[in-house]
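A.B. asks: With my numbering, letter number 211 in the sequence shown gets 200, and the count goes up by one each step, no holes. All C-beta atoms, glycine included, are put in the ideal place defined by N, C-alpha and C. Please read these numbers as outputs of a predicted model, since none were measured by experiment. Below is one structure. I have some questions about it.
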Amino acid sequence: MKYDPLYDPLTSENPGANRDYAPSYWVASAGSPPPTDGPVSQDIDADVVVIGSGSTGVSTALYLAQEHGIKAVILEANQTAWGCSSRSGGQGQNASGRLSRSQWIERWGLETAKKLDREIYSGFENFKDLVSQIDCDATDGGHLYVAHRPEKMAYLQNEARVRKDVFGYDPLLMSAQELREQYCDDHDAAGALLEREGVGIHPLKFTFGLLRKAQSLGVKIHTGSPVQGWETINGVHHIQTPGGIVRAKRIAICTGGYGMQGLKTIKNRILPILSNSVVTRPLTDAEIAACKFRSHTFLTDTRTLRFYYRLLKDKRLQIGSRSSIGGADANSPQHLKLLTDGIARKFPPLAGIQIDYSWWGWVDVSHDMMPRITQPDPKQMVWHALGYGGNGVSFSTWAGKRLAELVAGSKANAEVFKLPIYNSPLEFPNLFGQVRSEALAPFRRLGQSILYKWYWFKDEK
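This is the structure:
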């Protein structure tokens, strides 16, 4: 089925069945996907059903098999890694969610923030280990957090202090001149903070590699098998797909920003937000010299509606940022112009450069800006891992590992599961962080539109 560029998780009935991939650079350069078990063609029974075949879903199935001896069945509506894992920026950071470490302290206190830091860092180390086993065009070098205005340096200085003095990291603040001399000549930059923990990857090659590992352990994946209905009878979940019913006592939801409103456990608890990305033609050596690119280290800037960008291994520039409010406007030329204008502002020698790939995808943002890996209803054998807020490239695999522990009933890491990302539900929408109610859900897109205008004013004026 043809790719639908206007698909919207909040308004579309479902993501389709067996739709083509988005036309991303990652899809064009990943090579052939691993063979799958095809669409469900008859009623089947499974120990565990995993809904979604991105890095979270595949890693959940991988760890269920590898560490708990449970062979899961993955159900994917379209193609393997059809969502975020074939559309993201591929920036593997020591992070998850939208909050900084200083904000963790403000929200939960110092002790919990330190425990959460250890957990997130464990996820990053696990991600690095997986990357070392998979051919995914990995680039070490950390993450550059770029101040897009001089006054943003104070924010970076505070974050550097917190990371060093509280959490024991070794960040490096640098001036705009030092950034130009060591990394690139970003004309938008007033300075930067280097977080040494960061690995860039080809996200689709990485997820394909995870799937091959899982399949070698007996994991089955049925593509072209969207969830069309869900009934629980005597404790057994009956998942209806176009080709048959899949029965299982345990379900793991790993749909990212593509979860349907029909999935009751996550309905109105995730706000899908569009992110646009482009990749240019390969840069010439003269263009690379003019922009002073000396590294493949990835960058994000301090805008609320941030840009994320990097020089890829094949000398192309990749850059992305936020996009349309809803899917109906996703292919409007203004969203592409935002990115091409960003290229021209940051790297003037590349103004007007040919764009070879342009695509967009949905980011799963929770209403309190942090992920949840949890069982929403103790009476139901259903779990989910969602809400990375655009910071799921590295943490998603760790979330899959922890989700596998929960699904398997493991008690080995009971203390870890007391952390707020594990022991509290995804929240309903809120009004200024105070009133929380599902009744606010119909107004989220209106609020998002107003906030985007305010964020743009703050970022650019």
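When burial is assigned at 16 or more other CB atoms within 10 Å of the CB, is residue 443 buried or exposed?
C.D. replies: Residue mapping note: residue 443 aligns to position 454 of the sequence shown, counting from 1. So residue 443 counts as exposed.
A.B. asks: Specify whether the region 269 to 279 and the region 398 to 412 touch according to this definition: at least 3 beta carbon pairs, one from each stretch, less than 8 Å apart.
C.D. replies: Because the criterion of three Cβ pairs below 8 Å is not met, the region 269 to 279 and the region 398 to 412 do not touch.
A.B. asks: Kindly identify the DSSP beta-bridge partner or partners of residue 443.
C.D. replies: Indexing the sequence shown from 1 puts residue 443 at position 454. For residue 443, which the question treats as bridged, DSSP gives no partner whatsoever.
A.B. asks: Please list, in chain order, all residues of the same chain as residue 427 whose beta carbon is under 6 Å from its beta carbon, the five residues on each side excluded.
C.D. replies: Numbered from 1 along the sequence shown, position 438 holds the residue referred to as residue 427. Excluding sequence neighbours, residue 427 sits near 257 and 417.
A.B. asks: Note down, one range per segment and in chain order, each alpha helix (DSSP H) of at least 4 residues found wholly within the region 361 to 424.
C.D. replies: If we require 4 residues or more, the alpha helix (DSSP H) runs fully inside the region 361 to 424 come out as 384 to 397 and 409 to 412.
A.B. asks: Compute the beta-carbon to beta-carbon distance between residue 386 and residue 48, rounded to the nearest angstrom, for a pair I have assumed lies under 8 Å.
C.D. replies: What you label residue 386 is simply residue 397 of the sequence shown in a count that begins at 1. What you label residue 48 is simply residue 59 of the sequence shown in a count that begins at 1. 4 Å between Cβ atoms; contact.
A.B. asks: If you draw a straight line from the alpha carbon of residue 271 to that of residue 131, how long is it in whole angstroms?
C.D. replies: What you label residue 271 is simply residue 282 of the sequence shown in a count that begins at 1. What you label residue 131 is simply residue 142 of the sequence shown in a count that begins at 1. Approximately 23 Å between the Cα atoms of the pair.
A.B. asks: So which of 153, 355 and 38 has the shortest CA-CA distance to residue 234?
C.D. replies: Along the sequence shown, read from residue 1 onward, the residue named residue 234 stands at position 245. Nearest of 153, 355 and 38 to residue 234, Cα basis: 38.
A.B. asks: Just how far apart, CA to CA, sit residue 100 and residue 216?
C.D. replies: As a first step, residue 100 is located in the sequence shown; it is residue number 111 there, counting from the start. As a first step, residue 216 is located in the sequence shown; it is residue number 227 there, counting from the start. Cα to Cα, residue 100 sits roughly 41 Å from residue 216.
A.B. asks: Please state if the CB of residue 331 and the CB of residue 308 are separated by a distance shorter than 7 Å.
C.D. replies: Looking up residue 308 in the sequence shown gives position 319. Looking up residue 331 in the sequence shown gives position 342. Yes. Within cutoff.
A.B. asks: Where in the region 283 to 367 do unbroken runs of the alpha helix (DSSP H), each at least 4 residues long, occur, reported from the N-terminal end onward?
C.D. replies: Listed in chain order, they are 322 to 335.
A.B. asks: Among residues of its own chain, excluding the 5 on either side of residue 116, which ones have a beta-carbon nearer than 6 Å to its beta-carbon?
C.D. replies: For the purposes of this step, residue 116 is taken as the residue at position 127 of the sequence shown. Same-chain partners within the cutoff: 81, 383 and 386.
A.B. asks: According to DSSP, which residues form a beta bridge with residue 34?
C.D. replies: Taking the sequence shown and counting its residues from 1, one reaches residue 34 at position 45. Answer is 236.
A.B. asks: With DSSP as the reference, label residue 115 as helix, strand or coil.
C.D. replies: Translated into positions along the sequence shown, residue 115 becomes position 126. Residue 115: helix per DSSP, three-state reduction.
A.B. asks: In three-state terms, what does DSSP make of residue 462?
C.D. replies: Only positions -10 to 450 of the chain appear in this structure, which leaves residue 462 out of reach.
A.B. asks: For the alpha helix (DSSP H) that contains residue 165, what are its first and last residues?
C.D. replies: Looking up residue 165 in the sequence shown gives position 176. Unbroken alpha helix (DSSP H) run through residue 165: 165 to 171.
A.B. asks: Beta carbon of residue 8, beta carbon of residue 350: below 7 Å?
C.D. replies: Taking the sequence shown and counting its residues from 1, the one referred to as residue 8 is at position 19. Taking the sequence shown and counting its residues from 1, the one referred to as residue 350 is at position 361. It is not a contact, given that the beta carbons lie outside the stated cut-off.
A.B. asks: The alpha helix (DSSP H) with residue 192 in it runs from where to where?
C.D. replies: Along the sequence shown, one-based indexing puts residue 192 at 203. Looking at the DSSP string, the run of the alpha helix (DSSP H) that includes residue 192 is 192 to 205.
A.B. asks: Assign residue 390 to buried or exposed, taking buried as 16 or more other Cβ atoms, counted over all protein chains shown, within 10 Å of its Cβ.
C.D. replies: Within the sequence shown, residue 390 is the residue found at index 401, counting from 1. Counting Cβ neighbours within 10 Å, residue 390 comes out buried, since at least 16 surround it.
A.B. asks: Taking Cβ to Cβ, would you say residue 254 is nearer than 7 Å to residue 62?
C.D. replies: Against the sequence shown, residue 254 aligns to sequence position 265. Against the sequence shown, residue 62 aligns to sequence position 73. Against a cut-off of 7 Å, the Cβ pair of residue 62 and residue 254 comes out as no contact.
A.B. asks: Using three-state DSSP, classify residue 147 as helix, strand or coil.
C.D. replies: By 1-based counting over the sequence shown, the position of residue 147 is 158. Of the three classes helix, strand and coil, the one that applies to residue 147 here is helix, per DSSP.
A.B. asks: Name the residue from 297, 265 and 249 whose alpha carbon lies nearest to the alpha carbon of residue 326.
C.D. replies: Numbered from 1 along the sequence shown, position 337 holds the residue referred to as residue 326. Of the listed residues, the one whose Cα sits closest to residue 326 is 265.
A.B. asks: Determine, using beta carbons only, whether residue 51 and residue 59 come nearer to each other than 7 Å.
C.D. replies: On the sequence shown, position 62 is the one that residue 51 refers to. On the sequence shown, position 70 is the one that residue 59 refers to. The answer is no: Cβ separation not under 7 Å.
A.B. asks: Between the Cα of residue 179 and those of 79, 34, 95 and 292, spot the shortest distance and give me the residue it belongs to.
C.D. replies: Within the sequence shown, numbered from 1, the residue matching residue 179 stands at position 190. When only C-alpha atoms are compared, the closest one is 292.
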